[in-house]
Amino acid sequence: MLIRGLQPESLRHLLFDRPPAIDPDQPLRVFYAVCDHYEPMWNDAPADQQKSRVDRWSDTLPSLMSPFRDSAGRKPQHTFFYPEEEYRPQYLDALRSLRDQGLGDVEVHLHHDNDTSESLRSNLLRFTKRLHDDHGFLTPRGDGTFSYGFIHGNWTLDNSHPDGMYCGVNDELDILRETGCYADFTLPAAPSPAQTVTVNSIYYAKDDPLRPKSHDRGTPATVGQGQPDETLLMVQGPLVVDWTDRIKGIVPRIDYCNLQGRRTATLARLKRWIDAGVIVQGQPNWRFVKLHTHGCEEANMEHLLGPAMDKFHRDLADYARSTANFEYYYVTAREMAALVHQAEAGYTAPVFPTAADPDAVVAPASAAST
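First residue of the sequence shown? That's -13 in the numbering used here, and the numbers climb one at a time after it.
Here is the structure:
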């Protein structure tokens, strides 16, 4: 079996763990988020190619998504995690237009290597302030910092590469939390060796500033329990064994929940992602499906902005219409984190943040029993 990046314990979880059974008397609610490592400068592209990539998203996404609505009547959402080191105001202005059309949001992406705690903190504070002050993204926390979601470049969150590459900061989780990060969306990292033992989980990681990879294990998010002190919420995407895609017709591959190359979004893949059982413990009917992609790579744009994605959304809508007690919701990364906290608080129906209160994580008291 193709197990690059997966430790034996992780592979055992993929092969043998089963999530708690769904309550058939309640709706199965699926929350679907696409988290894009959105890198216009990918592969050292010249300026005209960078602009072409950004323009293609601006020109294509609105019309492509206009026919589709989820179970709450909401448009498909796409979260653009924009790299700090690729800052260009005109590219973020283009993403602001997509956000204002109700098609997604912008969060923080960062590649770094051989970094220091001081430099990392300074860069995050400067970049998040710029995203808010100059472009209208993120939300003030009232202490001079801004609430943001995070994806680590090269998957190496908290200095997690075995060779110490692509990071250098052992107290990265603490720095993220202290500078305003509400959740990390880096994982899964496989097939990178930065992959955690923990798979298919939503959990809280507590930093040990003296060692790397403090998020290897953590405390599962659980109904009736709040966030432990001094921890960071980790929202993992699904990892599943794909028995339909075999090497030489024999050995099944691992589906890394990536929308990449030939691995397009399909209804069959979505069903596998749902079955991975990424949940808040105690609420098996809420399934969290966080996907990742690199949306500025031309090969990926062919299906992210083309017929394959159109077919996926049409198939999903048809499936929902023909399947009793099935609901699906297109959400941003920020909304997904909010829904985690709603599940912890015992809500059985989702309540979405509004433009007036984008960080809302609980509904009015009367909604708690809906």
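Ideal placement from N, C-alpha and C gives every residue a C-beta, glycine not left out.
Whose C-beta lies closer than 6 Å to the C-beta of residue i among residues of the same chain, with five residues either side of it excluded?
i	result
residue 199	144 and 146
residue 231	239
What residue does the alpha helix (DSSP H) around residue i start on, and which one ends it?
i	result
residue 161	158 to 164
residue 287	284 to 290
residue 241	Premise fails: residue 241 lies in the beta strand (DSSP E), 237 to 241, not in any alpha helix (DSSP H).
residue 259	253 to 261
residue 41	33 to 51
residue -4	-6 to 2
Taking 8 Å as the limit between beta carbons, can you name the residues of its chain near residue i, skipping five residues before and five after?
i	result
residue 79	121
residue 258	224, 226, 228 and 241
residue 306	57, 312, 313 and 314
residue 32	none
residue 0	-8, 185, 186, 225, 226, 227 and 240
residue 132	114, 115, 117, 118, 124, 125, 126 and 166
residue 41	80
List the endpoints of the continuous beta strand (DSSP E) containing residue i.
i	result
residue 93	90 to 96
residue 22	14 to 23
residue 168	167 to 170
residue 192	188 to 192
residue 313	312 to 316
residue 276	272 to 279
residue 114	Counting along the chain, residue 114 falls outside any beta strand (DSSP E), though it belongs to the alpha helix (DSSP H) covering 103 to 121.
residue 357	Lying before the first or after the last residue shown, residue 357 is absent from the chain, which here runs from -13 to 356.
residue 298	It is not in any beta strand (DSSP E) - residue 298 instead sits in the alpha helix (DSSP H) that spans 293 to 308.
residue 219	217 to 221
I think residue i touches residue j, with their Cβ atoms under 8 Å apart; what is that distance to the nearest whole Å?
i	j	result
residue 88	residue 66	Contact doesn't hold; Cβ gap of about 14 Å is too wide.
residue 220	residue 254	Contact doesn't hold; Cβ gap of about 27 Å is too wide.
residue 272	residue 17	7 Å
residue 256	residue 290	Not quite, the Cβ-Cβ distance comes to about 15 Å (not below 8 Å), so this is no contact.
Cα separation between residue i and residue j?
i	j	result
residue 170	residue 115	18 Å
residue 316	residue 214	28 Å
residue 392	residue -6	Lying before the first or after the last residue shown, residue 392 is absent from the chain, which here runs from -13 to 356.
residue 50	residue 295	9 Å
residue 107	residue 138	14 Å
residue 2	residue 126	43 Å
residue 6	residue 319	24 Å
residue -2	residue -8	10 Å
residue 178	residue 141	7 Å
residue 180	residue 119	34 Å
residue 76	residue 250	29 Å
residue 300	residue 308	12 Å
residue 69	residue 134	13 Å
Figure out for me which residue from the options has the closest Cα to the Cα of residue i.
i	options	result
residue 22	51, 63, -2 and 58	63
residue 30	324, 283 and 237	283
residue 216	232, 166 and 172	166
residue 44	281, 96 and 319	281
residue 266	34, 8 and 33	8
residue 101	335, 295, 38 and 154	154
residue 197	207, 160 and 109	160
residue 113	92, 269 and 263	92
residue 83	60, 94 and 47	47
residue 260	247, 286, 248 and 302	302
residue 275	285, 308 and 222	222
Kindly list the residues whose CB is nearer than 7 Å to the CB of residue i, restricted to its own chain and excluding five residues on each side of it in sequence; keep chain order.
i	result
residue 157	103, 193 and 195
residue -12	Low confidence applies to residue -12: its pLDDT is 43, below 50, so where it sits in the model is not reliable, and the reading given next is rough at best. Answer for residue -12: 233, 237, 239 and 240, listed in chain order.
residue 203	183 and 184
residue 252	298
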